[in-house]
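Chemist: Yeah, the sequence shown ends on 357 if you go by the numbering used here, and it's all consecutive.
This structure is in structure tokens; I'll ask about it shortly.
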Amino acid sequence: MDDLRAKYIELIAKAGDEATLEDLRVKAVGKKGEISLQMRELGKMTPEERQVAGPALNALKDEINTALAAKKAALADAALDERLKAEWLDVTLPVRTQRRGTIHPISQVTEEVSAIFADMGFSVAEGPQIDTDWYNFDALNIPSHHPARAEMDTFYMHRAEGDDRPPHVLRTHTSPVQIRHMEKFGAPCRVIAPGRVYRADYDQTHTPMFHQVEGLAIDKDISMANLKWVLEEFFSAFFEIDGIKTRFRASHFPFTEPSAEVDIQCSWVDGQLKIGEGDGWLEVLGSGMVHPKVLQAAGVDPEEWQGFAFGMGIDRISMLKYGIPDLRAFFDSDLRWLRHYGFASLDVPTLHGGLSK
Ligand code: PHE
1 MDDLRAKYIE LIAKAGDEAT LEDLRVKAVG KKGEISLQMR ELGKMTPEER
51 QVAGPALNAL KDEINTALAA KKAALADAAL DERLKAEWLD VTLPVRTQRR
101 GTIHPISQVT EEVSAIFADM GFSVAEGPQI DTDWYNFDAL NIPSHHPARA
151 EMDTFYMHRA EGDDRPPHVL RTHTSPVQIR HMEKFGAPCR VIAPGRVYRA
201 DYDQTHTPMF HQVEGLAIDK DISMANLKWV LEEFFSAFFE IDGIKTRFRA
251 SHFPFTEPSA EVDIQCSWVD GQLKIGEGDG WLEVLGSGMV HPKVLQAAGV
301 DPEEWQGFAF GMGIDRISML KYGIPDLRAF FDSDLRWLRH YGFASLDVPT
351 LHGGLSK
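As structure tokens, this is what we get:
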């Protein structure tokens, strides 16, 4: 019995899996197992021998069964430990490195522009994309007979039969947000208003929907000099090139007086455009001092307040900064294009963390 005990206790200790354990159980305490066979021998013994051997065999059987159960539990624990190790997951790791979606260059540039102007004390204002012709035109000193209305290729919304109120329009520029903002918050103010605008036009450099960012700064003593400084500061930060020069050309907008179109310095070398160097100029925005009639329409006293406004094409500056040749590709939803020109979703542009790098 001691030999049997020693043999099975050792084999059970060595068993590496449940199948081996089951095999051992059959061989030791199964119907035809060694211990069971010994128990059958009890009948041939004298009563005295049986009194000693019987309890001893039962105790051995119990001992083996206990050892088998303990080993079985230990194997299950070890298996669970293995699994926990193998299936371990660090939930603090960043999301999958193989990115699926990307941030559209227009969204990226809108964020970049907002970050730069926020640093100069501008907040972001918004207005509706479907607006009344009063906000889009009249309040901006563009009366109904004015040629600018025709030039803007405006989309007019349909009105029900018999409803002869003037139609709503898809805003042709972000300038109506100037009016809405001053109406609501008065002066002084310093805001930008990025967003979608619409004009009925389609070719390599025009799409019926595109993006602008409006700028508006109203205070007691704001001048064209402040405008020039703000814009040069903006372009240097945006193109990530120090000291970009701007050129102001006299122009005309009904809502500013005086008005200027603004160009940035660039060069064309071997068909390659470089911003901030050379003696070429690229037009990037319209601007000027807000017309007194515009201030008045928005409920701001032109005797007391003055300021500048500008409107810039977001699509255009995105093309310039990121070398995108065709405007229409922005709105094609071509996945190959989006993967190539898109930005990683967690790289939020900030001035301290970097705009695009
Ligand atoms: N709204 C003008 C446009 O769309 C741009 C502009 C805005 C010009 C503000 C001057 C001042 O072309």
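Glycine is no exception: its CB is placed at the ideal position from the N, C-alpha and C atoms.
If we count the other Cβ atoms within 10 Å of its Cβ and call it buried at 16 or more, is residue 259 buried or exposed?
Modeler: As a working mapping, residue 259 is identified with position 259 in the sequence shown. Residue 259 is buried by the Cβ-count criterion.
Chemist: With a threshold of 7 Å on Cβ separation, who are the neighbours of residue 296 within its own chain once the five nearest residues in sequence on each side are excluded?
Modeler: To locate residue 296, count along the sequence shown from 1; it is residue 296. The residues are 302.
Chemist: Using the Cα positions of residue 319 and residue 227, report the straight-line distance between them to the nearest angstrom.
Modeler: The residue labelled residue 319 in the question sits at position 319 within the sequence shown. The residue labelled residue 227 in the question sits at position 227 within the sequence shown. Between residue 319 and residue 227, the C-alpha separation is close to 24 Å.
Chemist: So, for residue 54: in the same chain, excluding its five sequence neighbours on each side, which residues have a beta-carbon less than 7 Å away from its beta-carbon?
Modeler: Indexing the sequence shown from 1 puts residue 54 at position 54. So the list reads 42, once near-sequence residues are dropped.
Chemist: Just how far apart, CA to CA, sit residue 155 and residue 145?
Modeler: Numbered from its first residue, the sequence shown carries residue 155 at position 155. Numbered from its first residue, the sequence shown carries residue 145 at position 145. Roughly 17 Å between the two C-alpha positions.
Chemist: Figure out for me which residue from 350, 352, 306, 324 has the closest Cα to the Cα of residue 104.
Modeler: The residue labelled residue 104 in the question sits at position 104 within the sequence shown. If we check each option's Cα against that of residue 104, 324 comes out closest.
Chemist: Let me check understanding here. Comparing Cα to Cα, which of 309, 129, 25, 20 lies closest to residue 224?
Modeler: What you label residue 224 is simply residue 224 of the sequence shown in a count that begins at 1. Nearest of 309, 129, 25, 20 to residue 224, Cα basis: 309.
Chemist: Excluding five sequence neighbours on each side, which residues of the same chain lie with their C-beta closer than 6 Å to the C-beta of residue 293?
Modeler: As a working note, residue 293 is residue 293 in the sequence shown. Contacts found: 141.
Chemist: Using 8 Å as the threshold, is the C-beta distance between residue 21 and residue 72 below it?
Modeler: Locating residue 21 in the sequence shown gives position 21, counting from the first residue. Locating residue 72 in the sequence shown gives position 72, counting from the first residue. Yes.
Chemist: Would you tell me roughly how many angstroms separate the C-alpha atoms of residue 282 and residue 262, rounded to the nearest one?
Modeler: Taking the sequence shown and counting its residues from 1, the one referred to as residue 282 is at position 282. Taking the sequence shown and counting its residues from 1, the one referred to as residue 262 is at position 262. Rounded to the nearest angstrom, the two C-alpha atoms are 8 Å apart.
Chemist: Going by beta carbon distance, what residues of the same chain come within less than 8 Å of residue 285, once the five residues before and after it are set aside?
Modeler: Start at 1 with the first residue of the sequence shown, and residue 285 comes out as number 285. Once the five neighbours on either side are set aside, the close Cβ partners of residue 285 are 231, 261, 262, 310, 311, 312, 313.
Chemist: For the putative contact between residue 177 and residue 111, defined by C-beta atoms under 8 Å, what is the C-beta separation to the nearest angstrom?
Modeler: Against the sequence shown, residue 177 aligns to sequence position 177. Against the sequence shown, residue 111 aligns to sequence position 111. Contact doesn't hold; Cβ gap of about 18 Å is too wide.
Chemist: Just to confirm, are residue 419 and residue 305 a CB contact at a threshold of 8 Å?
Modeler: Residue 419 lies beyond the residue range present for the chain, which begins at 1 and ends at 357; the question has no answer from this structure.
Chemist: Compute the distance between the beta-carbons of residue 440 and residue 300, then report whether it is under 8 Å.
Modeler: Examination of residue 440 is not possible in this model, given that the chain is present from 1 through 357 alone.
Chemist: Tell me where the beta strand (DSSP E) around residue 211 begins and ends.
Modeler: Taking the first residue of the sequence shown as 1, we reach residue 211 at position 211. Looking at the DSSP string, the run of the beta strand (DSSP E) that includes residue 211 is 209-219.
Chemist: Please determine whether the Cβ atom of residue 287 lies at a distance below 7 Å from any heavy atom of the ligand PHE.
Modeler: Looking up residue 287 in the sequence shown gives position 287. For the ligand PHE, at least one heavy atom lies less than 7 Å from the Cβ of residue 287.
Chemist: Once the 5 residues before and after residue 173 are set aside, which same chain residues still bring their CB inside 8 Å of it?
Modeler: Locating residue 173 in the sequence shown gives position 173, where the first residue counts as 1. Excluding sequence neighbours, residue 173 sits near 136, 152, 197, 212, 214, 311.
Chemist: Evaluate residue 108 with the Cβ neighbour count: other Cβ atoms within 10 Å of its Cβ, from every protein chain shown; 16 or more gives buried, anything less gives exposed.
Modeler: The residue given as residue 108 occupies position 108 in the sequence shown. The residue in question, residue 108, is buried, as its Cβ has 16 or more Cβ neighbours within 10 Å.
Chemist: Measuring only from the beta carbon, is residue 137 closer than 7 Å to any heavy atom that is part of the ligand PHE?
Modeler: If you number the sequence shown from 1, residue 137 lands on position 137. Residue 137: no, Cβ never under 7 Å from the ligand PHE.
Chemist: With a threshold of 7 Å, establish whether the CB of residue 155 neighbours any heavy atom of the ligand SAH.
Modeler: This structure simply doesn't include the ligand SAH; it includes the ligand PHE instead.
Chemist: Suppose contacts are defined by Cβ-Cβ distances below 8 Å. Is residue 288 in contact with residue 246 by that definition?
Modeler: The sequence position of residue 288 within the sequence shown is 288, counting from 1. The sequence position of residue 246 within the sequence shown is 246, counting from 1. It is not a contact, given that the beta carbons lie outside the stated cut-off.
Chemist: May I ask you to report which of helix, strand or coil DSSP gives residue 274?
Modeler: Taking the first residue of the sequence shown as position 1, residue 274 is located at position 274. Residue state, collapsed to three classes: strand.
Chemist: Taking the alpha carbon of residue 37 as the point to measure from, which residue in 340, 26, 204 has its own alpha carbon closest?
Modeler: What you label residue 37 is simply residue 37 of the sequence shown in a count that begins at 1. Minimum Cα distance to residue 37 is reached at 26.
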